[in-house]
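Residue numbers (our numbering), protein chains in the order written: chain A, 18 to 173; chain B, 18 to 173.
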DNA sequence: ACTATTTAGACAACGTTGTTGTCCATCTTA
DNA sequence: TAAGATGGACAACAACGTTGTCTAAATAGT
């Protein structure tokens, strides 16, 4: 299309593919009782994981400051996806844990992603989809959790 | 790794692949005389294209408000990548055009993307890379220029 | 031709999310 | 026990998005 130079297409298609999956995820999450969740939140909850974390730790995982992580936690707490509890071992720390509602969103996200993957497999064939993921795995860093994308794009 | 559910990997790898390419692009652009350019700017300049545009038109292309497009143009103007000229046909309109410096960045971006693509081809094989792009083209919308990604991610 | 509507752009106010700097309480270490 | 490191909160600021309002200019309708 408008980009005559073929090199432009590779990054754009990667981004578009990501967008399509995320948009479909959130459309479906909205139908399944999670209308307020935003793309970023899924990443953050994935980073929080099942065993909980702290603001500082979360900031490190996401590649943002502890203050930014704290604000995101504030938001997720406000809409009911996480809760803060004190750490009896270390009174300074506040453990951030997913609420049952948050766990529900995370589980559903996994299921929806799974069904989206199956849709891609039905369209492309399991073999080619495997090849695609395998090739991407080969060209990308091994630690999937460099999720500092919010902010990485967009800031001057 | 941490995501036990395989469906999570597909979107993350797509995003990671995009990130790797964009990060390498900007590292190289920095070396080639464009240290101040940001990921978003490449997209915007690509959207502006060779024949110029206006703030309203640019906003529509990028999927943001005309005010947001105007602010981005302000920034690009300040750092010397675009210039505004009046439209003699319509005195209300201000045509936004790439400066020679901006054109240089766009041309270099194309060349760098091209060499990155070649690196991927060397690693994966031309055939598999073609298959990857072909498959992504199949699963993504045809209009590559829905570049409203700045803001789409990240906002509550 | 005159008026009414639409359109382009500028300006202001505001919300969100990131940053850095500062401060205090608490844990760790020497 | 004293000194340093760490977790978290608070404030100030910057970047970038939004909506609303306003003016000037082009276009449409009568």
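Backbone N, C-alpha and C fix where the C-beta goes; we use that ideal spot for every residue, glycine too.
All of these numbers come straight from a predicted model, not from anything done at the bench.
- Counting the other Cβ atoms within 10 Å of the Cβ of residue 40/B gives fewer than 16, which makes it exposed.
- At the C-beta level, residue 46/A and residue 136/A stay beyond 9 angstroms of one another.
- Within the DSSP secondary-structure output, residue 70/A pairs in a beta bridge with 113/A.
- Contact between residue 93/B and residue 61/B holds: their C-beta atoms lie close to 7 angstroms from each other, under 8 angstroms.
- In summary, residue 59/B is buried, with 16 or more beta-carbon neighbours lying within 10 Å of its beta-carbon over all protein chains present.
- DSSP lists 113/A as the bridge partner or partners of residue 101/A.
- In this structure the stretch 23-38 of chain B does not lie against the stretch 109-123 of chain B, because fewer than three pairs of beta carbons, one per stretch, are closer than 8 angstroms.
- Just so you know, the alpha carbons of residue 80/A and residue 69/B end up roughly 37 angstroms apart.
- Taken atom to atom, the span from the alpha-carbon of residue 63/A to that of residue 123/A is near 7 angstroms.
- Here the C-alpha atom of residue 89/A lies approximately 31 angstroms from the C-alpha atom of residue 75/B.
- A distance below 9 angstroms separates the beta carbons of residue 155/A and residue 141/B.
- Residue 119/A sits away from residue 87/A, with the two beta carbons spaced by 9 angstroms or more.
- Contact between residue 31/A and residue 42/B is ruled out by a C-beta separation of about 13 angstroms, above the 8 angstroms threshold.
- Per DSSP, the continuous alpha helix (DSSP H) segment holding residue 59/B begins and ends at 56-65.
- If you check the CB distance, residue 130/B and residue 29/B do not come in under 9 angstroms.
- When Cβ-Cβ separations below 9 angstroms define contact, residue 114/A makes no contact with chain B.
- In the assembly as shown, residue 150/A is a buried residue. Its beta-carbon has 16 or more other beta-carbons within 10 Å.
- Against residue 39/A, the close residues of chain B are 28, in the order they occur along the chain (beta-carbon pairs closer than 7 angstroms).
- Annotated three-state conformation of residue 80/A is coil, per DSSP.
- Residue burial annotation: residue 34/A is buried, with at least 16 other C-beta atoms found within 10 angstroms of its C-beta.
- For residue 120/B, no chain A residue has a C-beta closer than 9 angstroms to its own C-beta; the minimum C-beta separation is roughly 13 angstroms.
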